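So in my numbering, the last spot in the sequence shown is 317, and the numbers never skip.
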Amino acid sequence: MKKYTYTESKDTRSGFGAGLLEAGKQNENVVALCADLIGSLKMNDFIKEFPERFFQIGIAEANMMGIAAGLTIGGKIPFTGTFANFSTGRVYDQIRQSIAYSDKNVKICASHAGLTLGEDGATHQILEDIGLMKMLPGMTVINPCDFNQTKAATIAISKYEGPVYLRFGRPVVPNFTPADQTFEIGKAVLLNEGTDVTIIATGHLVWEAIQAGEELEKLGINAEIINIHTIKPLDEEAVLKSITKTGCVVTAEEHNRLGGLGDSVAQLLATKKPTPQEFVAVNDSFGESGTPAQLMEKYGLNASSIVAAARKVIARK
1 MKKYTYTESK
11 DTRSGFGAGL
21 LEAGKQNENV
31 VALCADLIGS
41 LKMNDFIKEF
51 PERFFQIGIA
61 EANMMGIAAG
71 LTIGGKIPFT
81 GTFANFSTGR
91 VYDQIRQSIA
101 YSDKNVKICA
111 SHAGLTLGED
121 GATHQILEDI
131 GLMKMLPGMT
141 VINPCDFNQT
151 KAATIAISKY
161 EGPVYLRFGR
171 PVVPNFTPAD
181 QTFEIGKAVL
191 LNEGTDVTII
201 ATGHLVWEAI
211 QAGEELEKLG
221 INAEIINIHT
231 IKPLDEEAVL
241 KSITKTGCVV
251 TAEEHNRLGG
261 LGDSVAQLLA
271 TKKPTPQEFV
281 AVNDSFGESG
291 TPAQLMEKYG
301 LNASSIVAAA
311 RKVIARK
């Protein structure tokens with residue numbers, strides 16, 4: 001099994017901040033909007049470099065989406081920034097009508113997604129956002145796994161024409177992907193080749209999948225591990241190629257098991273190649289207050305849960 005190491009842990013939201021600054025340097029039409037969360041979204045460097053291209057909207061997220069849609073008419077490439085809960089659930093109607101339906105070139109950038117928002121609790125932790133956004137026609141949905149990949153994704157979406165939902169998080173996590181990577185929207189990343197089980201992970205669960213693969217290797221199980229950073233459009237070719245070889249699959253995500261990555265994979269398999277599948281995800285519940293580590297442990301979003309799911313799905317082959 002290929003071994004992955006890292007020298008530092010960093011938060012993916014800082015990857016967004018670094019990517020936004022670079023995107024701004026590359027294209028003068030890139031502008032940023034924020035709903036009173038500049039520090040949380042790591043927008044400070046962009047504002048310092050391009051103060052005339054930043055708009056502080058305040059705690060008025062619906063207005064922010066409408067302004068962003070309007071800015072595209074003048075050729076601007078707006079990046080909106082707030083927590084994932086406020087980026088989706090609070091403003092779904094505005095996104096649907098003013099951005100998705102109109103196919104506006106808005107980049108909806110959402111931090112503090114999932115359980116790892118932590119102590120702020122269930123009202124701020126959204127576990128439905130991937131489902132909400134992927135159901136919108138024409139919406140691209142991206143959920144990168146570490147600082148480097150988030151930075152690369154942010155730069156990549158600035159060059160992509162069309163609405164995008166970019167999801168990232170609050171906690172520091174291992175930064176293990178290459179700093180000089182090329183981010184291809186809609187293209188899965190094969191992290192490890194295997195023959196016994198396919199593990200498809202996204203976001204913070206990618207590193208947990210890597211750790212699970214190492215534990216499975218000790219048990220004599222050879223896991224194929226795929227990083228799905230783009231949930232929509234799904235890299236169907238990569239998924240089908242892998243499960244044709246392994247014959248079973250585990251999906252892992254920091255999201256409700258309903259509506260997320262696992263659902264997308266299940267729909268693909270149901271229509272193209274029925275295959276045993278197990279889900280590592282939150283089981284149709286809200287979150288609660290706690291540290292990110294405590295919550296990931298309680299809700300089974302970790303390497304040990306992926307190992308257990310892999311052993312269970314292999315037995316179903």
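Beta carbons are placed, not taken as given, at the ideal position from N, Cα and C, and that holds for glycine.
Keep in mind that this is a model prediction, so the values were computed, not measured.
Three-state secondary structure assigned by DSSP to residue i
i, result
"residue 183", "coil"
"residue 174", "strand"
"residue 221", "coil"
"residue 200", "strand"
"residue 83", "strand"
"residue 326", "Since the first residue shown for the chain is 1 and the last is 317, residue 326 is missing from the structure and cannot be characterised."
"residue 189", "strand"
"residue 253", "strand"
"residue 280", "strand"
"residue 167", "strand"
"residue 195", "coil"
"residue 242", "helix"
"residue 73", "helix"
"residue 111", "strand"
"residue 67", "helix"
"residue 231", "strand"
Best match in the options for proximity to residue i [C-alpha to C-alpha]
i, options, result
"residue 273", "293, 296 and 247", "247"
"residue 243", "317, 185, 203 and 205", "317"
"residue 212", "15, 307, 236 and 278", "307"
"residue 26", "50, 197 and 40", "50"
"residue 117", "312, 305 and 286", "286"
"residue 275", "313, 110 and 145", "313"
"residue 165", "142, 175, 267 and 111", "142"
"residue 47", "23, 63, 232 and 138", "23"
"residue 6", "186, 178 and 202", "178"
"residue 258", "91, 53 and 128", "128"
"residue 365", "205, 210, 156 and 161", "The chain is shown only over 1 to 317; residue 365 falls outside these bounds and no answer can be derived."
"residue 237", "218, 195, 189 and 89", "189"
"residue 73", "29, 63, 83 and 87", "29"
"residue 296", "222, 227, 204 and 224", "204"
"residue 219", "310, 180, 144 and 162", "310"
"residue 111", "163, 82, 299 and 4", "82"
"residue 133", "298, 315, 277 and 233", "233"
"residue 318", "182, 161, 158 and 139", "The structure shown does not extend to residue 318, since the chain spans only 1 to 317, so no value can be given for it."
"residue 193", "176, 181, 217 and 180", "217"
CB contact flag (residue i, residue j, <9 Å)
i, j, result
"residue 20", "residue 43", "yes"
"residue 113", "residue 147", "no"
"residue 65", "residue 126", "no"
"residue 131", "residue 263", "yes"
"residue 239", "residue 197", "no"
"residue 174", "residue 305", "no"
"residue 195", "residue 229", "no"
"residue 144", "residue 105", "no"
"residue 209", "residue 303", "yes"
"residue 226", "residue 200", "yes"
"residue 103", "residue 162", "yes"
"residue 96", "residue 62", "no"
"residue 69", "residue 40", "no"
Q.
In chain order, what are the residue ranges of uninterrupted beta strand (DSSP E) at least 3 long that sit wholly in the segment 114 to 160?
A. If only uninterrupted beta strand (DSSP E) runs of at least 3 residues are considered, those enclosed by the segment 114 to 160 are 140 to 142.
Q | Cβ contact check for the segment 276 to 285 and the segment 253 to 268: 3 or more pairs under 8 Å | A | With the cut-off at 8 Å, the segment 276 to 285 and the segment 253 to 268 touch.
Q) So does the segment 148 to 162 actually touch the segment 116 to 135, counting three or more Cβ pairs closer than 8 Å? A) The segment 148 to 162 makes no contact with the segment 116 to 135: fewer than 3 CB pairs, one atom from each, lie closer than 8 Å.
Q. Given 8 Å as the limit, is there contact between the segment 25 to 38 and the segment 50 to 58, that is, 3 or more CB pairs closer than that?
A. Flag = yes, the segment 25 to 38 and the segment 50 to 58 touch.
Q) Can we say the segment 169 to 176 touches the segment 12 to 31, given the rule of at least three CB pairs closer than 8 Å? A) Contact annotation: the segment 169 to 176 touches the segment 12 to 31, with at least three C-beta pairs closer than 8 Å.
Q: Note down, one range per segment and in chain order, each alpha helix (DSSP H) of at least 4 residues found wholly within the segment 2 to 62.
A: DSSP assignment within the segment 2 to 62 yields the following whole alpha helix (DSSP H) runs of 4 residues or more, N-terminal first: 12 to 26 and 44 to 49.
Q. Could you give the uninterrupted runs of the alpha helix (DSSP H) lying entirely in the segment 281 to 313, keeping only those of 4 residues or more?
A. If we require 4 residues or more, the alpha helix (DSSP H) runs fully inside the segment 281 to 313 come out as 292 to 298.
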